[in-house]
Amino acid sequence: MVKISFLGSCREIGRSGILVESKSGSKCILDYGIGFNNNNRLPLETDLTNLKAVALTHCHIDHSGALPFIYKKYQVPCFTNPISLDITEILIRDMIKISNYPYPFGFRELDLLKQNTSFLEKGTRYMIDDKYFITFIDAGHIPGSVSILLEVDDKRIFYSGDINTQETHLIDPANYKDVPQIDTLIVESTYALKEHPPRKSLEEKFVEKVIEITENGGKVLIPAFGVARSQEALLILEKYNYMGNIFIDGLARKVSSIYLENPNFIKDINAFRKILKRSQFISKKKDRLHVKNSKGVIISPSGMLKGGAAINYIETILNDPGSAIYLVGYQVEGSPGRGLIDNGIFEFKETQKKNRMSVNLKIKAKCDYDYFDFSSHADSLHLYEYIENLEFRNNTHKDVFCVHGDNKSTTTLASELVKKDYNSVAPEIGEIYKI
Ligand SMILES: [Zn+2]
Ligand SMILES: [Zn+2]
Numbered sequence: 011m012v013k014i015s016f017l018g019s020c021r022e023i024g025r026s027g028i029l030v031e032s033k034s035g036s037k038c039i040l041d042y043g044i045g046f047n048n049n050n051r052l053p054l055e056t057d058l059t060n061l062k063a064v065a066l067t068h069c070h071i072d073h074s075g076a077l078p079f080i081y082k083k084y085q086v087p088c089f090t091n092p093i094s095l096d097i098t099e100i101l102i103r104d105m106i107k108i109s110n111y112p113y114p115f116g117f118r119e120l121d122l123l124k125q126n127t128s129f130l131e132k133g134t135r136y137m138i139d140d141k142y143f144i145t146f147i148d149a150g151h152i153p154g155s156v157s158i159l160l161e162v163d164d165k166r167i168f169y170s171g172d173i174n175t176q177e178t179h180l181i182d183p184a185n186y187k188d189v190p191q192i193d194t195l196i197v198e199s200t201y202a203l204k205e206h207p208p209r210k211s212l213e214e215k216f217v218e219k220v221i222e223i224t225e226n227g228g229k230v231l232i233p234a235f236g237v238a239r240s241q242e243a244l245l246i247l248e249k250y251n252y253m254g255n256i257f258i259d260g261l262a263r264k265v266s267s268i269y270l271e272n273p274n275f276i277k278d279i280n281a282f283r284k285i286l287k288r289s290q291f292i293s294k295k296k297d298r299l300h301v302k303n304s305k306g307v308i309i310s311p312s313g314m315l316k317g318g319a320a321i322n323y324i325e326t327i328l329n330d331p332g333s334a335i336y337l338v339g340y341q342v343e344g345s346p347g348r349g350l351i352d353n354g355i356f357e358f359k360e361t362q363k364k365n366r367m368s369v370n371l372k373i374k375a376k377c378d379y380d381y382f383d384f385s386s387h388a389d390s391l392h393l394y395e396y397i398e399n400l401e402f403r404n405n406t407h408k409d410v411f412c413v414h415g416d417n418k419s420t421t422t423l424a425s426e427l428v429k430k431d432y433n434s435v436a437p438e439i440g441e442i443y444k445i
């Protein structure tokens, strides 16, 4: 019997963590992220005796953020790739530095994580223990993202991680043909209930609006997530020949540099180099002042306007009827970005631990604002299509666990799959399944 324990990301997005144990008791952890709920930010603690390895699907902190906690007690290899490691390190470092939450680990454990990292190329089957193999397969979500195939005893378990089956400008999509026959699927459910708008017309509308605003002397603030979404926005501007100024600030700047250093993980590195050459990296106060007096596009996280470098520009833009704020990622309920889209009011409060400053803003937008859903997750249509294309070794017993989605998304996906003859559930945190 192989045991799968769900330590997090159960009926929620956040603190991904799956423990897979072989018949002989050897263990491997798939992802170990942090949650966004203030009380429970770490995956459920459990006995990790005989832990052989940890494997990371990608750098987003809901998958990687709690990894240092493991290295408080265990010195096991963490399998990932160079681009995911570099960005994971930046994200965790930032998280420890600026968060008011008392994480039970610090820079020392982050260094131990780095020291124990092993790079695994996609498609390479690696033995972590007797009858225990791990293989990375492209997930199409962000540069460096992978799905994970575990072969444990006589079982094949496939964990999708965050997955996208549609073409983006940054990377190639996930392809079900890369996955061999499996016994068990653990699949994300983020957009199990939602369809994305057609990408091409959305991109055209976005660039049209950006050009109109900037040609009339305005500024467009794109508060994109620093990892992948900012760079995808840049590549959209490049594709449609936007020729105005581009300013890149905050995390988007650091991550863009890492992408340049890891060209093998980017689909069209030349297009990316080209657009970055025409862009200006902004990090100093005096340069920000210059940007505020210029026209053009400002790409600056955070993606939901919860903080980050975007806050430096927000007052200027909100008060200018000739400028605009275009959000390009999902806006969670209660976030400042969501408030702006829904009510046209930007509300933001922050006490900065680092420089003991507090910011308190409530501004009614005079500028244009809009939301463009440039998602990097498969939507419901493509999620079902992907699952149904996967081949199971036993056609009469197809195990599917639905994780990484809210309560409704995970449970609906599971029950719809039951109707299609899958043996499917949305596990709850702490549940253990024997397969
Ligand atoms: Zn992700
Ligand atoms: Zn995720």
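Numbering follows the numbering used here, with no gaps: position 407 of the sequence shown is 417.
Heads up, the beta-carbon is just placed ideally off N, CA and C, and yes, glycines get one too.
query	result
Of the choices Gly313, Glu438, Asp409 and Ile445, whose alpha-carbon is the least far from that of Ser385?	Gly313
Would you report the Cα separation of Ser345 and Lys316, rounded to the nearest angstrom?	7 angstroms
Just the C-alpha distance for Leu427 and Ala202, rounded to the nearest angstrom, thanks.	11 angstroms
Do you know offhand how far Gln341's Cα is from Phe382's?	11 angstroms
Report whether the distance from the Cβ of His70 to the nearest heavy atom of ligand 1 is below 7 angstroms.	yes
Starting from the C-beta of Val265, find all residues in its chain whose C-beta is less than 8 angstroms away, skip the five residues before and the five after it, and write them out in chain order.	Ile97, Ile100, Gly236, Val237, Ala238, Ser240 and Gln241
Would you call the segment 85–93 and the segment 119–130 touching, i.e. three or more CB-CB distances under 8 angstroms?	yes
Would you call the segment 407–419 in contact with the segment 187–201, where contact means no fewer than 3 C-beta pairs closer than 8 angstroms?	yes
What separation, rounded to the nearest whole angstrom, lies between the Cα atoms of Gly332 and Val338?	20 angstroms
Using only the heavy atoms of ligand 2, determine whether one of them is closer than 7 angstroms to the beta carbon of His179.	no
Look at the alpha carbon of Thr421 and the alpha carbon of Asp57, and state the distance between them as a whole number of angstroms.	28 angstroms
Determine, using beta-carbon pairs with one atom in the segment 160–177 and one in the segment 19–36, whether at least three such pairs fall under 8 angstroms.	yes
Taking Tyr379 as the reference, which of Ile324, Arg166 and Leu423 has the closest Cα?	Ile324
If you follow the beta strand (DSSP E) that Phe89 is part of, which residue opens it and which one closes it?	Cys88 to Thr90
In terms of DSSP beta bridges, what is Ala65 paired with?	Leu40 and Phe89
Below 7 angstroms, is the gap between the Cβ of Asp389 and the nearest heavy atom of ligand 2?	no
If you draw a straight line from the alpha carbon of Phe46 to that of Glu55, how long is it in whole angstroms?	17 angstroms
Taking only the alpha-carbon atoms, compute the straight-line gap between Ile308 and Ser293 and give it to the nearest angstrom.	12 angstroms
Given a threshold of 16 other Cβ atoms within 10 Å of its Cβ, counted over all protein chains shown, does Lys437 qualify as buried or as exposed?	Going by the sequence as given, residue 437 is Pro instead of Lys. Pro437 should be labelled buried.
Can you check whether the CB of Lys62 is closer than 8 angstroms to the CB of Tyr142?	yes
Glu248: buried (16+ other C-beta within 10 angstroms of its C-beta) or exposed?	buried
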